[in-house]
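Working notes, structure below.
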Amino acid sequence: MKKFYFLLIFMQTGFLSRAQTIPEDFVYLKDVVPFAMEEVRYAGEHNFTGRPVPGYESARIILTKKAAEALKKVQQELIQKDLMLKVFDAYRPQTAVSEFVAWARKPGDTLAKNEFYPDVEKSRLFELGYIASKSGHSRGGTVDLTLVNANTCKELDMGGAYDFFGEISHHRSTSVTSEQKKNRELLRTVMLKNGFRSYSEEWWHYTLNAEPFPYQYFDFPIK
0 MKKFYFLLIF MQTGFLSRAQ TIPEDFVYLK DVVPFAMEEV RYAGEHNFTG RPVPGYESAR
60 IILTKKAAEA LKKVQQELIQ KDLMLKVFDA YRPQTAVSEF VAWARKPGDT LAKNEFYPDV
120 EKSRLFELGY IASKSGHSRG GTVDLTLVNA NTCKELDMGG AYDFFGEISH HRSTSVTSEQ
180 KKNRELLRTV MLKNGFRSYS EEWWHYTLNA EPFPYQYFDF PIK
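Using numbering that gives the first Met the number 0, you'd call the opening residue of the sequence shown number 0 and step up by one each time.
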């Protein structure tokens, strides 16, 4: 009886299973690809807004089961080359997307401009496509990621920083070296091979071709 009572309390307090906090078709990346590195910048201050983003209550990566299984295949292929994935973002609550829109409409809020958009006027972020009212991330099938050396855990040089607003972030940027271009192409090749498509404006951004929710945008918090 005591064991049953303890289990009941455990369930009521929400600690029995992490899966209870997310929809059935979503998973935590670590549960499927345990050796992938994660750096969820939107849960902290190191991002283009300069502050933690609403909706990111925990620095964890969530995405659809289908996208996670595809990333598992990517990781299995990369480890043969002594490489691993490092994921910055995947599922993004609509609350966070709406916060980005609100932030972009405040011209004086330029806390992180020098690092993330030094050459772009904030008033042009909508026009240039850097900020939008809807994001594929909210469907759970889009990921932002890079490659790291499996032995040193250091990122491969991609010639441009994650989430930087500028031409150097484009896949076809002419501002990167041949080695940096090679690293980008390595990431792109393995991602395309395993069912993802790239986004020409951002070397880190990929979307699962057969995403299970192509028209649905979610808004549950990341916990």
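A virtual CB, placed ideally from N, CA and C, is assigned to each residue, including glycine.
Just so it is clear, the structure is predicted and the values come from calculations on it, not from any experiment.
Using a Cβ-Cβ distance cut-off of 8 Å, the segment 135-152 and the segment 71-85 are in contact, since at least three pairs of beta carbons, one from each stretch, lie closer than that value. In terms of Cβ geometry, glutamate 200 and histidine 169 form a close pair [threshold 8 Å]. Taking the Cα positions, alanine 42 is about 6 Å away from valine 52.
Residue environment for threonine 173: exposed (fewer than 16 other C-beta atoms within 10 angstroms of its C-beta). If you draw a straight line from the Cα of isoleucine 221 to the Cα of tyrosine 55, it is about 5 Å long. By the neighbour-count criterion, in which 16 or more other beta carbons inside 10 Å mark a residue as buried, lysine 65 falls on the buried side.
Membership of serine 177 in the alpha helix (DSSP H) is indicated by the continuous run 177-192. Take the alpha-carbon of phenylalanine 217 and the one of serine 137: they are about 5 Å apart.
In this structure, threonine 206 places its C-beta atom within 8 Å of the C-beta atom of phenylalanine 195. The Cβ atoms of glycine 49 and leucine 110 sit closer than 8 Å to each other. Serine 197 sits in a strand when the DSSP states are folded into three classes. Here tyrosine 90 has Ile61, Leu62 and Gly139 as same chain residues with Cβ atoms under 6 Å from its own Cβ, once five neighbours each way along the sequence are excluded. Listed in chain order, the alpha helix (DSSP H) elements of length 4 or more contained wholly in the segment 69-141 are 93-103 and 112-115. Check the Cα spacing between isoleucine 78 and each of Val175, Pro22, Arg171 and Pro33: the tightest is with Pro33. Setting aside the 5 residues that flank it on each side, lysine 112 is surrounded in the same chain by Lys121, each with a C-beta closer than 8 Å to its C-beta; the list follows chain order.
As computed with DSSP, aspartate 143 is found in a beta bridge with Asp88 and His204. Spanning the alpha carbons of threonine 176 and glycine 158 requires a straight line of approximately 7 Å.
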